[in-house]
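Report on the following structure.
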Amino acid sequence: MASFKTKWRRWATAAAVLVAAVAFAGCTNNNGQNSLHPKGTESRRILSLFTPVFWIAVVVGVCVLTAVVVFALKFRERPGNTNPKQIHGSTPLEIGWTIVPALILVVVAVFTIKTIFQMDRTLKNPLEVQAVGKQWWWQFNTTTHPYKVTAADGTVTTATQIVTADEVHIPVGKSVQINAQACDKAFDAKGKQTGLTNCNVIHSFWVPELNGKADAVPGRDHKWIIEADQPGTYLGQCAEYCGLSHANMRFRVIAESPADYDKWVAQQQQGPAQALLAADNKAAGNVQNLIVNTFGCVSCHVLDNPSKYAFGPNLTHLASRTTFASGWFDLYARDKNGNPIFSKPNTQKLADWIYDAPGQLPMESKDCRLPAGPNAPCAGMPSFSQNTPKGQATMTKAEAMQIAKYLLDQK
Amino acid sequence: MTTVSDAIPEVQESHRRVDLLQRPAKSTGWWSWFTTVDHKKIGILYAATSFAFLVIGGIEALLIRLQLAGPNGKVLTAAMYNQLFTMHGTTMVFLMGMPMAVAFGNYLIPLMIGARDVAFPRLNMFGYWVFLVGGLFIYSSFLPWNGGAPNAGWFGYTPLSSAPIGNGFLPGHGADFWAVGLVMLGIGSTTSAINFIVTVLNMRAPGMTFLRMPVFVWMMLVTAFLTLFAIPVVTGALIMVYMDRNWGSNFFNAAIGGDPLLYQHLFWIFGHPEVYILILPAMGIISEILPVFSRKPLFGYTVVVFSGIAIGFMGWGVWAHHMFATGLGPIAVSAFGLSTMLIAVPTGVKIFNWLGTVWGGALRLNTPMLFALGFIAMFTIGGLSGVLHSVVPADTQQTDTYFVVAHFHYVLFGGTVFGFFGGVFYWFPKVYGRMMNDRLGKWTFWILLVGFNLTFFPMHILGLEGQPRRTYRYGAGLGWDLMNRIASVGAFIIALGVLLLLINLWVSRKHGQLAGDDPWDGRTLEWSTPSPPPEYNFAEVPEVEARDDFWHRKYTEDDRGLLVRLPSGAAESTGPADAEAAHHIHLPSPSYYPLVLSLGLPILGYAAVYHALWLGIIGAIVLTFGAYAWAIEPPTAEEPR
Chain R
366 MASFKTKWRR WATAAAVLVA AVAFAGCTNN NGQNSLHPKG TESRRILSLF TPVFWIAVVV
426 GVCVLTAVVV FALKFRERPG NTNPKQIHGS TPLEIGWTIV PALILVVVAV FTIKTIFQMD
486 RTLKNPLEVQ AVGKQWWWQF NTTTHPYKVT AADGTVTTAT QIVTADEVHI PVGKSVQINA
546 QACDKAFDAK GKQTGLTNCN VIHSFWVPEL NGKADAVPGR DHKWIIEADQ PGTYLGQCAE
606 YCGLSHANMR FRVIAESPAD YDKWVAQQQQ GPAQALLAAD NKAAGNVQNL IVNTFGCVSC
666 HVLDNPSKYA FGPNLTHLAS RTTFASGWFD LYARDKNGNP IFSKPNTQKL ADWIYDAPGQ
726 LPMESKDCRL PAGPNAPCAG MPSFSQNTPK GQATMTKAEA MQIAKYLLDQ K
Chain S
710 MTTVSDAIPE VQESHRRVDL LQRPAKSTGW WSWFTTVDHK KIGILYAATS FAFLVIGGIE
770 ALLIRLQLAG PNGKVLTAAM YNQLFTMHGT TMVFLMGMPM AVAFGNYLIP LMIGARDVAF
830 PRLNMFGYWV FLVGGLFIYS SFLPWNGGAP NAGWFGYTPL SSAPIGNGFL PGHGADFWAV
890 GLVMLGIGST TSAINFIVTV LNMRAPGMTF LRMPVFVWMM LVTAFLTLFA IPVVTGALIM
950 VYMDRNWGSN FFNAAIGGDP LLYQHLFWIF GHPEVYILIL PAMGIISEIL PVFSRKPLFG
1010 YTVVVFSGIA IGFMGWGVWA HHMFATGLGP IAVSAFGLST MLIAVPTGVK IFNWLGTVWG
1070 GALRLNTPML FALGFIAMFT IGGLSGVLHS VVPADTQQTD TYFVVAHFHY VLFGGTVFGF
1130 FGGVFYWFPK VYGRMMNDRL GKWTFWILLV GFNLTFFPMH ILGLEGQPRR TYRYGAGLGW
1190 DLMNRIASVG AFIIALGVLL LLINLWVSRK HGQLAGDDPW DGRTLEWSTP SPPPEYNFAE
1250 VPEVEARDDF WHRKYTEDDR GLLVRLPSGA AESTGPADAE AAHHIHLPSP SYYPLVLSLG
1310 LPILGYAAVY HALWLGIIGA IVLTFGAYAW AIEPPTAEEP R
C-alpha cells in the first residue's frame, strides 16, 4: 500500500509539473496577440480582474479534484469496509455549501461590475477610428483634423478622415475610440448621411494585447476603447466567424509616439505619389490605363484619394503599410526582429495576388467581375487570370507585375 | 392491475375496420424494428443511431484536428473545414447529445417509474423516425449535387446564414439544409418531450410520489420541459432565416432596418437551455450510479432534485452571456453576468452532494463508477471555466477563442459524454442480459480521460494566447504549434477509447458474461425486472413504498445506520411468474403510420430547399396519408382469435 501511495504521489507530482510547464508556456508566448501580455490600459484592467478570479477557480478546482481522488482511494470497498453508514444528507452542510460559494461570487460580482462600468466610460474629444469589418479585411477610417484633397482635375475638397485597410496607427498613451461596424455610411451629394451601404456580415474587432472583443454588427456602432502604453505592433484578428476566409482575416494596430503618429497622419493625407488620372480625368499613363480601363480596378478600389472608401481597400498609400491581403502576406521582407525592411518589397507576391487572388487565399469571388446587381454575388478579390467573363481582359503576369510595381511606389 | 390500455380511451368498434395497410403484428425479426412502438426497442434504436452519429461527428473532429496539427494545415480546404466544424457541432448537439439522452429516457423512464410503456407509444416511434430522417436530411447536403454541407456554424449567425442565396456571403444551399433540417429535428424533440412529461406525470406506479422518483427521471422531466419551451423559439428563428434566404423577408438585413442581433437573442434563448438539455440527463445518470457503487443513498436527494429544477428555471435567464462581445451596454451585461454567476450556485451544490454521496461509502470502482467520478472532476473544471466567463470583461477576451472550446468540451464531453458512457456500462446488463467487459471498460475510461485532457486542456492556453475559434488554419510563428499538436494527438487517443467502447458493446451483446437481473445490487425499480425486461416490463405493476424502493425490498437500516439484508424472497424479480397473467396485458400494437408520416418531412424539406412545388405536393400527400391513417388506427389491434 505504501508503494502504491508513493507511486501515486510521483504521478501526481509529474502531472502538476506538466500542468505548470504548460501554463508557464502560455505566459511566455510573445506572439503579439497574447491576452496574458497586456500592453494597454483596458487589457490590463481585464487581466487584473481575471487573475484573482482565475486563482479562486484554481483553488476550488484543486480542492474538488483532490476530494474526488482521495475519496475514491480512501473509501474503496475492502474487507472491513463493506457496510457503510447510510447517510441521507445534512442540512447544515447544504446551507454551508450554498452560502459560501454565493459569498465568493458576490465579491467577484462587485469587482466585475465595477470594471464593466469603468470600461464603458465616455471619452472627451476622442480620437475616433471607424473599424469596418468586410469579407475578409478591415477598413479603418481614422478621424483627423480637416485637410485638403486635390482631385486630378484640380477640384479641392476638405476631408476629415484617412481611410486605410488592414493596418491602423494610434498614438501611444492616448485613449482611442474604436467604432466597430459592419456597414459603410452612405451620404448624399451634400454630405448628409442617408443610410447604410455595403452592409457585411458580423465580424469582431480584437487586439488581445490592447482590449477584448468588440463585435462589428451590421447597423450598429460598437464603441470600444483601446489605449497602448508602449510603442509596438499589436496583432489583431477577426474573432467572429464570417465565412470562407475568416481564418485569414488579420490586422495590425501600430502604436507609435505622438510625434511619429502626427507624421504618419500628415503623410497619409498626401495625394498619391504618382497621379492615377491626368487633368482630363483620363488615365495618366500605361499602367494607369491597365488599372482604370483594362481591368477596372477602380470600380472597387480608391487609388488616388486617402479620404474615400469603396467596395475594396483604399490603396492610395498601400506601400506605407507592412502587409496586404487582410494582413496575411508581408509587403516587405522582414529582419530578424520581424521589422519590415522597406528597401526589400515582396513585389512578386503582390503581383501574384493581383494576378490570381483566389489562388492565394480562399475567396468567394468567382462572379466579382460580372456587372454588379443589387446583391452582388461577390466576396473578396477576383482572379484576373482565370475564368475571365466575356468581354473582359485576361491579365498577363507582366501586367500584374507592372501594377504591383506601381502600387509599391505609392508610399 | 393497471395496464397501458387503461390509460388510453376505449376505441370505438367501428374504427377497427379502417386499417389502410395490413397492420404489422410481429414483435421480433428485423422488420419489427421499423414498426415497433415498444419504448425499450425505440430506446435501443435511439442509442444505436446516436452512436452512429457520435462516430460521424468524431470523424469530423479528427479531420479538424489533423488540419490543425500544425500551422498552415493543408489537409482540408477552407470550404471543407467550414462545413466540417459546422457539422461537427450540429451533429454532436442535435444528432448525438439530445437523442442519446432520449435513448436513456426512453428505455429507463417507464422501467424506473413502474410503467409498462410511455404514454404515447406511436408518438414515441414517430419521434425516433423524425430524428433519423432529419439527420439523414441534413447529411444528404454532402451529396455532390447538393453543393456542400451547412457552413455557417452550428449557431448560424445572421446575416451570414440569412443573406439571400446568391449574395456571396455564403454560397450554396448548406444553410437551407441546416435550417430546414433543424426545424424537422425540433419536431422530433418536441414530441419526445411531450411524451416524457405526460408519462412521468401520469403513469407512475402506485406510491411513486414525486419525491420518490429516481433523480434520473427528475432530470429527464426538467429536460423535457426545457426542450418543450426552447425548441419553439429556435424554430421561429430558423424559419426567419429560411424566409430571409429564400423569400427576401429581411428580418436580419440591417441595411433596411432588420436586426442581426435579434437572431442571436432568439438563438441563445433556445441555446442556453439547450446546454442544460444536454447536461441534466447526464447529471441524472451519475446521480443513479454514485449511490449504487457507493452502497449509500444519494446525499441530499431533495437538494439535488431542487437544484436541478432551479437550474432549469435559471437557465432561461442567462442567454446573453453568449453575447457579451456584441455591445449590449453595461447594464445588460452586468445583469447577465450576475445571473450567470448565480446559476453556478445550484450547480456547485450538486457537485458537493455527489461528493457527499461518495464520502464514507464502500466504493466499487467498476467502469460506471469511474465514469461517474470522471464526470465530477471534468465537469468541475468546465464549470469553473464557465464562472470565468461570467466575469464579463474577461469574457470579452475569451469568447470565440479556444478557451471557450476547451470550456464547453469539459462540460459536454467530460460531463455529458462521460455520463452517457457511464450509463451505457451501467444499464447495458439490463438491456442485453449480459455484462460489458469491465477490464476493457476501465482501459476505455483511462484512455478517454488521458486523451480528453490532452486534447482540451491545452486549448485553454491557446485561447488565452489569442487563437480564435472556427479558423481553418493559423499562421506559423504565433507560438501555438506545440499545444495544437498535443491536442491533435489527444484527439486520436480519444478515438481509440471510443473504438474500444464500440468493440466492447458489440462483443458483449452476444458474448458478455451473463448478468442476471440485478448485477450491481441496484436501488431502483428497473433492477427488479428480468434482464432483458419483457415487452410488458412488469408482470404486476409494483406498489412503491419508498424512495429507492427496490433497495428497501432488499435491505433495511439498523439503529446505527448500517445495512441489514432482509430475508431473500422479498426482492423476487417480477418476471413472468404467471404466463397466463402476462397474456392478458394489453400492449399497444406495432404500426406503420408514424414511419410513413415521418417520411413525408424530408420530402417537404427538399421541396423547401429547391423550391419544388411538385415535390411539396408529394410530401404533403405522404404526410396527410400518414397522419390520417394514424389518427383512425386504434392504438391496440384486435386480439388475435
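Residue numbers (the numbering used here), protein chains in the order written: chain R, 366 to 776; chain S, 710 to 1350. Using N, Cα and C, we set each Cβ at its ideal position, and we do this for glycine too. Keep in mind that this is a model prediction, so the values were computed, not measured.
Would you say Ile1085 (chain S) lies against chain R (beta-carbon separation less than 8 Å)?
Taking the first residue of the second sequence as position 1, residue 1085 (chain S) is located at position 376. Chain R, which has a Cβ nearer than 8 Å to the Cβ of Ile1085 (chain S), makes this yes.
Between Lys750 (chain S) and chain R, is any beta-carbon pair separated by less than 8 Å?
Numbered from 1 along the second sequence, position 41 holds the residue referred to as residue 750 (chain S). No, its Cβ sits nowhere closer than 8 Å to a Cβ of chain R.
Below 8 Å between beta carbons: does that hold for Thr712 (chain R) and Lys628 (chain R)?
As a working mapping, residue 712 (chain R) is identified with position 347 in the first sequence. As a working mapping, residue 628 (chain R) is identified with position 263 in the first sequence. Taking 8 Å as the Cβ cut-off, Thr712 (chain R) and Lys628 (chain R) do not qualify as a contacting pair.
8 Å is my cut-off, CB to CB: does Val433 (chain R) come that close to chain B?
Absent here is chain B; the protein component of the structure consists of chains R and S.
Distance, Cα to Cα, His724 (chain S) vs Phe864 (chain S)?
Stepping through the second sequence from its first residue, residue 724 (chain S) is reached at position 15. Stepping through the second sequence from its first residue, residue 864 (chain S) is reached at position 155. For His724 (chain S), the predicted model reports a pLDDT of 46, less than 50, meaning its position is unreliable and no value from the coordinates is stated.
Identify each residue in the stretch 462 to 485 of chain R for which the Cβ-Cβ distance to at least one residue of chain S is less than 7 Å, and report them in chain order.
Trp462, Thr463, Pro466, Ala467, Leu470, Val473, Ala474, Thr477, Ile478, Thr480, Ile481, Phe482, Met484 and Asp485
Report the three-state DSSP secondary structure of Gly1107 (chain S) (helix, strand or coil).
Along the second sequence, one-based indexing puts residue 1107 (chain S) at 398. Here the sequence assigns Gln to residue 1107 (chain S), which means Gly is not the residue at that position. Residue state, collapsed to three classes: helix.
Closest by C-alpha distance to Ala644 (chain R), when choosing among R:Asn399, R:Ala496, R:Thr515 and R:Pro449:
As a first step, residue 644 (chain R) is located in the first sequence; it is residue number 279 there, counting from the start. Looking at the Cα atoms, R:Thr515 is the closest of the given residues.
Given Ser400 (chain R), which residues of its chain have a CB within under 6 Å of its CB, disregarding the five upstream and five downstream residues?
Looking up residue 400 (chain R) in the first sequence gives position 35. Sequence-distant partners of Ser400 (chain R) (beyond 5 residues in either direction) whose C-beta falls short of 6 Å from its own C-beta, in its chain, are Pro573.
According to DSSP, is Phe794 (chain S) helix, strand or coil?
In the second sequence, counting from the first residue as 1, residue 794 (chain S) sits at position 85. Phe794 (chain S) falls in the helix class under three-state DSSP.
With a 10 Å radius around its C-beta and 16 neighbouring C-beta atoms as the bar for buried, classify Ser1240 (chain S) as buried or exposed.
The residue labelled residue 1240 (chain S) in the question sits at position 531 within the second sequence. It counts as buried.
Using only CA atoms, which one of R:Pro637, R:Asn704 and R:Trp589 lies nearest to Phe482 (chain R)?
Residue mapping note: residue 482 (chain R) aligns to position 117 of the first sequence, counting from 1. The residue with the shortest Cα to Cα distance from Phe482 (chain R) is R:Trp589.
Residues of chain R with CB closer than 7 Å to the CB of Pro1177 (chain S), please, in chain order.
Along the second sequence, read from residue 1 onward, the residue named residue 1177 (chain S) stands at position 468. The answer, in chain order, is Gln602 and Ala604.
Please classify Asp717 (chain R) as buried or exposed, where buried requires at least 16 other C-beta atoms within 10 Å of its C-beta.
One-based indexing of the first sequence puts residue 717 (chain R) at position 352. So Asp717 (chain R) counts as buried.
Give me the Cβ distance between Asn781 (chain S) and Arg1148 (chain S), rounded to the nearest whole Å; I'm assuming they're in contact under 8 Å.
Against the second sequence, residue 781 (chain S) aligns to sequence position 72. Against the second sequence, residue 1148 (chain S) aligns to sequence position 439. So it is not a contact: roughly 43 Å between Cβ atoms.
When Cβ atoms are compared, which residues of the stretch 1039 to 1050 of chain S fall closer than 7 Å to chain R?
Pro1039, Val1042, Ser1043, Gly1046, Leu1047 and Met1050
Take Asp1227 (chain S) as the anchor and find which of S:Met928, S:Gly1142 and S:Pro1297 has the nearest alpha-carbon.
In the second sequence, counting from the first residue as 1, residue 1227 (chain S) sits at position 518. Among S:Met928, S:Gly1142 and S:Pro1297, the Cα nearest to that of Asp1227 (chain S) is on S:Gly1142.
My output table needs one value for Pro880 (chain S): the three-state DSSP class, helix, strand or coil.
Residue 880 (chain S) sits at position 171 when you count from the first residue of the second sequence. Under the three-state reduction of DSSP, Pro880 (chain S) is assigned to coil, being neither helix nor strand.
What residues in its chain sit with their C-beta under 7 Å from that of Ile751 (chain S), if we drop five residues either side in the sequence?
The residue you call residue 751 (chain S) lines up with position 42 of the second sequence. So the qualifying residues of the chain are Thr745, Asn815, Asn833, Met834 and Tyr837.
Is Ser1003 (chain S) helix, strand or coil when you go by DSSP?
Here residue 1003 (chain S) refers to the residue found at position 294 when the second sequence is read from its first residue. Reduced to three states, the DSSP call for Ser1003 (chain S) is helix.
Helix, strand or coil: which one does DSSP assign to Asp1190 (chain S)?
Taking the second sequence and counting its residues from 1, the one referred to as residue 1190 (chain S) is at position 481. In this structure, Asp1190 (chain S) counts as helix in the three-state DSSP scheme.
So, Val1096 (chain S) versus Phe1033 (chain S), is the Cβ gap smaller than 8 Å?
As a position in the second sequence, residue 1096 (chain S) is number 387, starting the count at 1. As a position in the second sequence, residue 1033 (chain S) is number 324, starting the count at 1. No, they are not a contact pair.
Just reading off the alpha helix (DSSP H) that Asp1147 (chain S) is part of, what are its end residues?
For the purposes of this step, residue 1147 (chain S) is taken as residue 438 along the second sequence, with counting starting at 1. Asp1147 to Leu1173 is the span of the alpha helix (DSSP H), which, as asked, contains Asp1147 (chain S).
What first and last residue would you give for the alpha helix (DSSP H) that runs through His748 (chain S)?
For the purposes of this step, residue 748 (chain S) is taken as residue 39 along the second sequence, with counting starting at 1. Its alpha helix (DSSP H) spans residues His748 to Gln776.
For Phe934 (chain S), the first and last residue of its enclosing alpha helix (DSSP H):
The residue labelled residue 934 (chain S) in the question sits at position 225 within the second sequence. First-last of the alpha helix (DSSP H) with Phe934 (chain S): Val924 to Trp956.
The alpha helix (DSSP H) with Gln632 (chain R) in it runs from where to where?
Locating residue 632 (chain R) in the first sequence gives position 267, where the first residue counts as 1. Run containing Gln632 (chain R): Pro623 to Gln633, per the alpha helix (DSSP H) assignment.
Within the continuous alpha helix (DSSP H) that includes Asp717 (chain R), where are the two ends?
Position 352 of the first sequence, counted from the first residue, corresponds to residue 717 (chain R). Segment Thr712 to Tyr720, the alpha helix (DSSP H) holding Asp717 (chain R).
Is there contact here, the stretch 464 to 479 of chain R with the stretch 573 to 586 of chain R, by at least three beta-carbon pairs under 8 Å?
no
Compute the beta-carbon to beta-carbon distance between Leu1234 (chain S) and Thr1153 (chain S), rounded to the nearest angstrom, for a pair I have assumed lies under 8 Å.
Within the second sequence, the letter at position 525 stands for residue 1234 (chain S). Within the second sequence, the letter at position 444 stands for residue 1153 (chain S). At roughly 28 Å, the Cβ-Cβ gap does not stay under 8 Å, so Leu1234 (chain S) and Thr1153 (chain S) are not in contact.
Where the alpha helix (DSSP H) through Asp1134 (chain S) begins and ends
Within the second sequence, the letter at position 425 stands for residue 1134 (chain S). The residue you asked about is not Asp; residue 1134 (chain S) is Phe in the sequence shown. Note, Phe1134 (chain S): alpha helix (DSSP H), Phe1127 to Tyr1141.
Report the rounded CA-to-CA distance for Gly1284 (chain S) versus Val909 (chain S), giving the unit in angstroms.
Reading the second sequence from its first residue, position 575 is the one you call residue 1284 (chain S). Reading the second sequence from its first residue, position 200 is the one you call residue 909 (chain S). The pLDDT assigned to Gly1284 (chain S) is 48, lower than 50, so where the model puts this residue is not dependable, and the model offers no usable value.
When DSSP labels each residue in this structure, what does Phe505 (chain R) get in the three-state scheme?
On the first sequence, residue 505 (chain R) is found 140 positions in, with the first residue counted as 1. In the structure shown, Phe505 (chain R) sits in a strand (DSSP, three-state: E or B).
Quick check: the Cα distance between Arg1184 (chain S) and Ile988 (chain S), rounded to an integer number of angstroms?
For the purposes of this step, residue 1184 (chain S) is identified with residue 475 of the second sequence, where counting begins at 1. For the purposes of this step, residue 988 (chain S) is identified with residue 279 of the second sequence, where counting begins at 1. Strictly speaking, residue 1184 (chain S) in this sequence is Gly, with Arg absent from that position. Taking the straight line from one Cα to the other gives about 35 Å.
Between the Cα of Ala1255 (chain S) and the Cα atoms of S:Tyr1264, S:Ala946, S:Glu1249 and S:Ala939, which residue gives the shortest distance?
Indexing the second sequence from 1 puts residue 1255 (chain S) at position 546. Restricting attention to S:Tyr1264, S:Ala946, S:Glu1249 and S:Ala939, the CA atom closest to the CA of Ala1255 (chain S) is found in S:Tyr1264.
If you draw a straight line from the alpha carbon of Asp1230 (chain S) to that of Ser1003 (chain S), how long is it in whole angstroms?
Your numbering for residue 1230 (chain S) matches position 521 in the second sequence. Your numbering for residue 1003 (chain S) matches position 294 in the second sequence. Approximately 11 Å between the Cα atoms of the pair.
Mind pulling the chain S residues with CB within less than 7 Å of Asn399 (chain R)?
The residue given as residue 399 (chain R) occupies position 34 in the first sequence. Chain-ordered, the chain S residues with CB closer than 7 Å to the CB of Asn399 (chain R) read Glu1174 and Gly1175.
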